[in-house]
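A.B. asks:
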Amino acid sequence: MSETEFKIVFTGPMGAGKTTAIGAISDEPPVSTDVTNTDRAAFDKAQTTAGLDYGRIALDDGVSVRLYGTPGQLRFRFMWDILGHNAAGVIVLIDASQRDALVQLDAFVDAFGGGKRMPIVVGIGRSGEPGALSLDAFAQRLESHGMTLPVFGVDVRRRDDVLLLVDTLLCLLELGDSGRRSA
Amino acid sequence: MTTSQRFGRVATGVAQKHLDAFAQTTPGVVSAVLLSADGFEVASLQVGKGGAARLAAMGSSLSAIGSAIAKEAGIVECNRMIIESDSGTIVIMTIAEARPPMSLAVIASDASMLGQLLWAAKNCCNAIARAFRE
């Protein structure tokens with residue numbers, strides 16, 4: 035892998051928008067492994083990711099980023115580990131209108147090392163919807179576990195919103211690198 | 029929601045019978061799981077509790093990735109995947125005609141013969157597809 039190429043992983047629960055986020059920014063049509071969703075009780079949508087999503091984006095400064103999306107359901111946990119292997123960083127997407135959004139945040143942040151193994155950026159969707167949790171609630175939840183991670187409100191259909199998450203993650207990587215160099 | 033509620037009590041019962049018959053008549057079959065495309069166990073054979081659920085999820089991921097690679101390569105659809113090792117074989121066969129779409133994952137020992145295994149598994153898939161079309 036060249037120094038200017040990064041692998042980052044989009045994760046989060048079913049319906050959080052991982053496939054949509056990768057589709058919003060990928061330079062090429064993303065690889066999708068969507069299949070018929072038979073668990074409409076968990077999330078009412080026709081299709082769900084069973085394998086992975088894959089896309090790629092070239093940024094202005096010569097940096098190339100490979101984008102991988104995980105399935106969201108716990109039964110696919112083994113794919114989180116496979117896709118997380120050798121990742122430079124992780125973007126956790128959470129749907130603020132889901133009842134168990136804070137528990138989901140804990141589960142996904144924890145599964146990817148709580149920010150200790152690799153940098154994590156959190157994107158919160160649908161936070162403006164009636165009854166949804168505020169961004170502060172997510173930041174406070176992380177703080178209560180002793181974590182300070184960047185938390186943004188995003189609409190994963192909007193390219194700029196998703197790019198903000200990717201750019202932030204790349205900044206954290208750069209800071210980590212310079213930290214290691216000066217240590 | 030239980031498996032039979034999700035996929036239909038009669039159809040899952042029929043599928044289980046087909047799996048049993050498949051294992052009894054095909055040399056080397058160690059275990060098998062009928063799984064939905066989104067990774068739920070529909071019926072299983074000789075797999076410990078928890079093992080079937082895990083195999084169902086892994087089988088659906090492999091099946092979905094196989095389909096994506098086939099599409100990328102322009103060969104339209106992945107019908108089956110074969111994983112071979114010195115001590116055994118795993119076959120994942122797509123049952124596209126079933127509603128909802130399903131796959132059959134079979135684990136066989138080195139006592140199996142690949143051609144016979146594939147032929148018998150295909151027959152089993154055809155019978156299962158009929159059960160889930162009706």
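For the protein sequence lines, the chains are A and B, in the order given.
Take 35 as the starting number for the first sequence in the working numbering and just add one per residue.
Take 29 as the starting number for the second sequence in the working numbering and just add one per residue.
No residue lacks a Cβ here, since even glycine has one placed at the ideal position from N, Cα and C.
Take M141(B) and list the residues in its own chain whose beta-carbon comes closer than 8 Å to its own, dropping the five residues that flank it on each side.
C.D. replies: Here the set comprises P55, G56.
A.B. asks: Please state if the CB of G67(B) and the CB of P105(A) are separated by a distance shorter than 9 Å.
C.D. replies: Yes, the Cβ-Cβ distance between P105(A) and G67(B) is below 9 Å.
A.B. asks: Determine the contact status of Q107(A) and P184(A), defining contact as a CB-CB distance below 9 Å.
C.D. replies: No, the pair does not count as a contact, with Cβ atoms beyond the cut-off.
A.B. asks: Rank I118(B), V61(B), T53(B), A51(B) by C-alpha distance to the C-alpha of K31(B) and give the top, closest one.
C.D. replies: The sequence shown places Thr at residue 31(B), rather than the Lys named in the question. With distances taken between Cα atoms, T31(B) lies closest to V61(B).
A.B. asks: Leaving out the 5 sequence neighbours to the left and right, which residues in its chain are closer than 6 Å to A130(A) when beta-carbon positions are compared?
C.D. replies: Within the same chain, A130(A) has close Cβ partners I158, R160, S161, A166, L167.
A.B. asks: Keeping to the same chain, check which residues put their C-beta closer than 7 Å to that of V70(B); ignore five residues upstream and five downstream.
C.D. replies: Result list for V70(B): T31, F35, T40, A43, L62, L63, S64, M130, in chain order.
A.B. asks: Go through its chain and collect everything with a Cβ distance to A135(A)'s Cβ below 6 Å, but skip five positions before and after it.
C.D. replies: Result list for A135(A): I128, L167, in chain order.
A.B. asks: Does DSSP put I156(B) in a helix, in a strand, or in coil?
C.D. replies: Of the three classes helix, strand and coil, the one that applies to I156(B) here is helix, per DSSP.
A.B. asks: Which partner residues does M109(B) have in the DSSP bridge list?
C.D. replies: DSSP output for M109(B) lists I120(B) as bridge partner(s).
A.B. asks: Are the beta-carbon atoms belonging to K79(A) and V190(A) less than 9 Å from one another?
C.D. replies: Contact: no.
A.B. asks: Given this structure, state the Cα-to-Cα distance separating A63(A) from F50(B), to the nearest angstrom.
C.D. replies: Residue identity check: residue 63(A) is Pro in the sequence provided, not Ala. Approximately 41 Å between the Cα atoms of the pair.
A.B. asks: Give me the Cα-Cα distance between D114(B) and D138(B), rounded to the nearest whole angstrom.
C.D. replies: So the alpha carbons of these two residues sit roughly 7 Å apart.
A.B. asks: Return the chain-ordered list of same chain residues with a C-beta closer than 7 Å to the C-beta of K41(A), the five sequence neighbours on each side being excluded.
C.D. replies: So the qualifying residues of the chain are R100, Y102, N120, A121, A122.
A.B. asks: Since S98(A) contacts E39(A) with CB under 8 Å, what's their CB separation in whole angstroms?
C.D. replies: With 8 Å as the limit, S98(A) and E39(A) qualify as a contact, their Cβ atoms being about 5 Å apart.
A.B. asks: V156(A) and L206(A) - do their beta-carbons sit closer together than 9 Å?
C.D. replies: Contact: no.
A.B. asks: Could you pull out every residue in the same chain whose Cβ sits closer than 7 Å to the Cβ of V104(B), ignoring the five residues on either side in sequence?
C.D. replies: Answer for V104(B): A98, listed in chain order.
A.B. asks: For a test of the three-state rule: what should DSSP assign to E100(B), helix, strand or coil?
C.D. replies: Residue state, collapsed to three classes: helix.
A.B. asks: Could you give the distance in angstroms between the alpha-carbon of V38(B) and the alpha-carbon of H46(B)?
C.D. replies: The straight-line gap from Cα to Cα measures roughly 13 Å.
A.B. asks: Hey, quick one: how far does the beta strand (DSSP E) through M130(B) stretch, first residue to last?
C.D. replies: Run containing M130(B): 130-137, per the beta strand (DSSP E) assignment.
A.B. asks: Can you tell me whether Q33(B) is buried or exposed, with buried defined as 16 or more other CB within 10 angstroms of its CB?
C.D. replies: That one is exposed.
A.B. asks: Distance, Cα to Cα, V119(B) vs L132(B)?
C.D. replies: Cα-Cα distance, rounded: 8 Å.
A.B. asks: The region 54-65 of chain B: which residues have C-beta closer than 9 Å to a C-beta of chain A, in chain order?
C.D. replies: Answer set for the region 54-65 of chain B: S64, A65.
A.B. asks: Have a look at P153(A) and I123(B) and give me their C-alpha separation to the nearest angstrom.
C.D. replies: P153(A) and I123(B): Cα-Cα distance of roughly 41 Å.
A.B. asks: Below 9 Å between beta carbons is the criterion; list the residues of the region 84-116 of chain B that meet it against any residue of chain A, in chain order.
C.D. replies: Per Cβ criterion, the list reads A84, A85, M86, S88, S89, L90, S91, A92, I93, G94, S95, A96, I97, K99, E100.
A.B. asks: Are the CB atoms of F44(A) and D95(A) nearer to each other than 9 Å?
C.D. replies: Cβ atoms of F44(A) and D95(A): not closer than 9 Å.
A.B. asks: Please tell me whether A84(A) has its Cβ less than 9 Å away from any Cβ of chain B.
C.D. replies: Closer than 9 Å to some Cβ of chain B, the Cβ of A84(A) qualifies, so yes.
A.B. asks: Going by other Cβ atoms of all chains shown within 10 Å of its Cβ, with 16 needed for buried, is Q174(A) buried or exposed?
C.D. replies: Counting Cβ neighbours within 10 Å, Q174(A) comes out exposed, since fewer than 16 surround it.
A.B. asks: What is the DSSP secondary structure of L127(A), counted as helix, strand or coil?
C.D. replies: It is a strand residue.
A.B. asks: Can you tell me the Cα-Cα spacing of R109(A) and F77(A), whole angstroms?
C.D. replies: Rounded to the nearest angstrom, the two C-alpha atoms are 15 Å apart.
A.B. asks: For S66(A), return the contacting residues in chain B, with the cut-off set at a CB-CB distance below 8 Å.
C.D. replies: Within chain B, the residues near S66(A) are A96.
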